[in-house]
Amino acid sequence: MENEHSDEIGYVDHNIHGAGTALVTPMNSNGSVDYGALKHLVEFQIDKGIGFLVPCGTTGESATLSNRQHDLVVERVVEYADGRVPVVGGTGSNSTCEALKRTRHAKEAGVDAVLLVEPYYNKPEEEDIISEYYTIIATENEDLPMIAYHVPGRTGASFTEYSARELAKIPEFIGVKWADPTDLETARFICENPGLELYSGEDAENLIFYKMGGKGAISVTANAVPDLVSEVWNLYAAGDNEGAESLQERIAELNSAMFIAGNPKSVKTALHAMGMIQPHARKPISLATGNKRTTIETALENIGIQVVNR
15 MENEHSDEIG YVDHNIHGAG TALVTPMNSN GSVDYGALKH LVEFQIDKGI
65 GFLVPCGTTG ESATLSNRQH DLVVERVVEY ADGRVPVVGG TGSNSTCEAL
115 KRTRHAKEAG VDAVLLVEPY YNKPEEEDII SEYYTIIATE NEDLPMIAYH
165 VPGRTGASFT EYSARELAKI PEFIGVKWAD PTDLETARFI CENPGLELYS
215 GEDAENLIFY KMGGKGAISV TANAVPDLVS EVWNLYAAGD NEGAESLQER
265 IAELNSAMFI AGNPKSVKTA LHAMGMIQPH ARKPISLATG NKRTTIETAL
315 ENIGIQVVNR
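Its first residue numbered 15, the sequence shown is counted upward by one per residue in this note's numbering.
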């Protein structure tokens, strides 16, 4: 699918649309990556009809992976996907230099696009994020589709109409992953003005963003139910609003459970309960226990998924 604005302002073509999965990074007890489980997860996603895959984002614990692990996870997901679905590698950092290294590597590995979280912790001003981060990375990786990632709850960064206008001038930037449910006005501005696509970063709000004009979602819940998350998009795109709303309501309990203990703790707990991964995350994160785990298991069972590990 080509960017609908490509003829207007010279944007790079891309095929990133519909529901994608923000993949977890399965781990062994010693903190190494469980590549066997990762391959199984990729196959599960593709078999269930997911639109694209996003390794090494927030859900993939990118901030606590070693540089080598980060590079290898991106490489392996590209290898495992084998061209069957697009791969959007998470390559952002709070350091422009580090993000450049990751982006170059991801491009060499064969990703279809990259996801660049806004710099976190060191709190650059909005203008600096555009000029000293996004612009530099795009300039050094010409023609590689890029998605900016706005998640202020984790980064403390601002993304106003200014950022939308400036990013729309950079051909490599095809869109924004929006994970700020408190600011729907800027999200709507992105949808209503040419130059950038909007991708939902809030599972509970996916259908709301689609109705605004969003082109897809990068979903946490899709780790467990890629078929259902994809079908919400498919129904909406086919004009079946009633069907999309009904299915979005059906998975609402699971969407809520996927964040009851934070992300990726909740979704990793769900995947362990399903028997898909070992019960490990990168420290200091652990898996959910007690009432929170019970809530996650109940949400899975209520949607028809068998719990094999308790």
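Each residue gets a CB set at the ideal place from its N, CA and C atoms; glycine is no exception. None of these values were measured; they are calculated from a predicted model.
### Message
Measuring only the C-alpha atoms, how far is residue 297 from residue 236?
### Response
23 Å
### Query
Do three or more CB pairs link the region 49–62 to the region 256–274 at distances below 8 Å?
no
### Query
So, helix, strand or coil for residue 115, using DSSP?
helix
### Query
Contact between the region 170–183 and the region 200–208: three or more CB pairs below 8 Å?
yes
### Query
Among 305, 324 and 295, which has the Cα closest to the Cα of residue 42?
295
### Task
Sort 148, 180, 205 and 283 by Cα distance to residue 108 and report the nearest one.
148
### Query
By how many angstroms is the C-alpha of residue 71 removed from the C-alpha of residue 195?
19 Å
### Task
Please report the Cβ distance between residue 227 and residue 212, rounded to the nearest whole angstrom; I am assuming they are in contact, meaning their Cβ atoms lie under 8 Å.
7 Å
### Query
residue 58 lies in the alpha helix (DSSP H); which residues open and close that run?
49–61
### Task
Can you grab the Cα-Cα spacing for the pair residue 152 / residue 216, in whole Å?
26 Å
### Query
residue 272 and residue 284 look like a contact to me (Cβ under 8 Å); what is the Cβ gap, rounded to whole Å?
7 Å
### Query
Taking all protein chains shown into account, do 16 or more other C-beta atoms lie within 10 angstroms of the C-beta of residue 116, making it buried, or fewer, making it exposed?
buried
### Message
How far does the beta strand (DSSP E) with residue 187 in it extend, from its first residue to its last?
### Response
187–192
### Task
Would you mind working out which of 91, 306, 250 and 260 sits nearest residue 276, comparing C-alpha positions?
306
### Task
Quick one: using the 10 Å Cβ neighbour count with 16 as the cut-off for buried, is residue 167 buried or exposed?
exposed
### Task
Would you mind giving the Cβ-Cβ distance between residue 186 and residue 155, rounded to the nearest angstrom? I have them listed as a contact below 8 Å.
7 Å
#### Entry: Expected contact under 8 Å - CB spacing of residue 222 and residue 191 to nearest Å
That belief does not hold up - the Cβ atoms of residue 222 and residue 191 are roughly 15 Å apart, past 8 Å.
### Query
In terms of residue numbering, what span does the beta strand (DSSP E) encompassing residue 230 cover?
230–233
### Query
Once you ignore the five residues that flank residue 140 on each side, which residues in its own chain have a CB closer than 8 Å to its CB?
171, 172, 173, 174, 176 and 177
#### Entry: Cα-Cα separation between residue 214 and residue 229, rounded to whole angstroms
8 Å
### Query
According to DSSP, which residues form a beta bridge with residue 31?
DSSP, once it has assigned bridges, lists no residue as partnering residue 31.
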